[in-house]
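So the protein sequences, as listed, match chains A and B. Heads up: the first sequence begins at 68 in our numbering, then just goes up one per residue. Heads up: the second sequence begins at 68 in our numbering, then just goes up one per residue. By construction, the Cβ of each residue, glycine as well, lies at the ideal position given by its N, Cα and C atoms. As the structure is a prediction and not an experimental result, all values here were calculated from the model. Notes follow once the structure below has been shown.
2 protein chains.
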Amino acid sequence: MNQDRVLANQIRAIANLSPEALTLLIASTQPKLLKKGQFLLIEGQVCQALWYVEKGYLRTFYDRDGREINTRFSFENNFVTDLRSLRTATPSACSIQAGETTTVWEFDRGKLLDLYRQSAEIESFGRNLLEHMLMEQEEHANWFKVYSPAERYQFMLRHHPHLLQRVSLSQLASYLGIARETLSRIRKNP
Amino acid sequence: MNQDRVLANQIRAIANLSPEALTLLIASTQPKLLKKGQFLLIEGQVCQALWYVEKGYLRTFYDRDGREINTRFSFENNFVTDLRSLRTATPSACSIQAGETTTVWEFDRGKLLDLYRQSAEIESFGRNLLEHMLMEQEEHANWFKVYSPAERYQFMLRHHPHLLQRVSLSQLASYLGIARETLSRIRKNP
DNA sequence: TTCATTTTGTGATTTTTATCACAGGTCACT
DNA sequence: AGTGACCTGTGATAAAAATCACAAAATGAA
């Protein structure tokens, strides 16, 4: 059995699982190695899994008339999926791609649902994970209502500096809802 | 026992509960009637509950240097809370206020956590509810990355017309991340 | 290293949006 | 009906951001 320490510890950080439940959960996953540029999900496919990023990062983006709009960057120790596609079994409107050489653990949708039924502990883990994801998503959504573009940049710089260190400015621009050139200028003037 | 039909049906729409679990869950709630303007949560308080809106609507807002910024409007059949404050037991950075005469059902944090431990079915309901909330939140967050202000208005008009019918333009402006005057002008020119 | 590709910086210009100021309208309450 | 509080529309102006065009720099692969 392929028990990964990092994954196990991260799961424990989200919810305390008994050794049995932890084993069960980890046994259901499968590691995947992605080269930079490889896709986990392509627009139009039905999303069948949830992924945990062990190393590297993933980019979630939408295609808007040929222009790519990045809605999420998922780094180490984060979970990512297209929840709408996963839940409703409908084609995904977005794609998920590796931004670096990336290692993920794949949690298959069907297996996960089975585990939820089998183990209340694992269901509890799922709930806690979702609470965590929702909390972060809400906070991020508020950036756009509370801050101006320059303030969004400042906030990101202060609270999520890894984004700037690892993601190109061109890709960050759409994530911040501003033009690439504007972001370049904002960065110059502190 | 105060079993409300609307609430029961809405819960069933989220997750199939056995009659016993449903009874348990509903027995843990308490109805609250709010006049327009009354608060469920005031900035600085620790959020202790999750609320289900039966009638009316709630407004979630932040105070930014004396200016109110609305981040959410919760209408009939929706659940709302301040998840960060609820989870981390820290003072809330936002307030939640009734925008009309509003009836809510209050789910106390402690009772809910107890129920999660007691009943796998109820935990499953919690997970499903969170998935649903996260899905909606992600979609809303994408408005700001994918659409221009005018397009955000159009999207809201098409997909969430009740917002325009029941929330004042002044309050919607910050929710759409634009100035009140700009929204007024966008509305004129279709 | 070299070459091609991608990324970034920058100026000029246009477009969009915010801000300020104020008038008229609506609504609830007495 | 009158009063005050809030909401909406609109013009003038300033500020911010988008867009276009292109050069410089960085990156990566052969």
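| query | result |
| --- | --- |
| Cβ shell of A240 of chain A (< 7 Å), same chain only, five flanking positions each side left out | A246, R247 and L250 |
| Contact between the region 200-207 of chain B and the region 183-190 of chain B (3+ Cβ pairs under 8 Å) | no |
| Buried versus exposed, by CB contacts within 10 Å (16 or more), F106 of chain A | exposed |
| CB contact check: N209 of chain B to chain A, cutoff 8 Å | yes |
| Contained alpha helix (DSSP H) runs [length at least 4] in the region 181-213 of chain A, N- to C-terminal order | 187-213 |
| Residue-chain proximity (L150 of chain A, chain B), Cβ-Cβ < 8 Å | yes |
| Selection from B:T168, B:M223, B:V113 and B:A88 that minimises the alpha carbon distance to R176 of chain B | B:V113 |
| Sheet register partners of P98 of chain A (DSSP bridge) | A:W172 |
| With 16 other Cβ atoms within 10 Å as the buried cut-off, status of E206 of chain B | exposed |
| Runs of beta strand (DSSP E) wholly within the region 111-136 of chain A (minimum 3 residues, chain order) | 116-122 and 125-131 |
| Within 8 Å, strictly: CB atoms of K103 of chain B and T170 of chain B | no |
| The region 111-130 of chain A in contact with the region 141-156 of chain A per 3-pair CB rule at 8 Å | yes |
| Separation of L150 of chain A from V234 of chain B, as counted between CA atoms | 29 Å |
| Backbone secondary structure at Q164 of chain A - three-state DSSP | strand |
| Minimum Cβ-Cβ distance from T159 of chain B to chain A less than 8 Å | According to the sequence as given, residue 159 of chain B is Ser; it is not Thr. No, S159 of chain B does not count as interfacial toward chain A. |
| Per DSSP, the bridge partner or partners of P158 of chain B | B:V113 |
| Candidates B:G244, B:L153 and B:L101, of which the one nearest F174 of chain B by Cα | B:L153 |
| Assigned secondary structure, V147 of chain A (DSSP; H/G/I helix, E/B strand, else coil) | strand |
| Simplified DSSP assignment, three categories, for L108 of chain A | strand |
| Residue nearest to A75 of chain B in terms of C-alpha spacing, selected from B:R252, B:H227, B:R219 and B:W172 | B:W172 |
| The alpha helix (DSSP H) enclosing I253 of chain A, as first and last residue numbers | R247 to K255 |
| Within-8 Å CB hit, R126 of chain A to chain B | no |
| First and last residue of the uninterrupted alpha helix (DSSP H) at G84 of chain B | According to the sequence provided, residue 84 of chain B is Leu. The question's Gly does not apply to it. It is not in any alpha helix (DSSP H) - L84 of chain B carries neither H nor E in the DSSP assignment. |
| is_contact[T249 of chain B, chain A] using C-beta, thresh 8 Å | no |
| Whole-Å CB distance - I93 of chain A paired with F192 of chain A, under 8 Å assumed | Between F192 of chain A and I93 of chain A the Cβ distance is about 11 Å, and since that is not below 8 Å, they are no contact. |
| Burial state of R252 of chain B (16 or more Cβ within 10 Å) | exposed |
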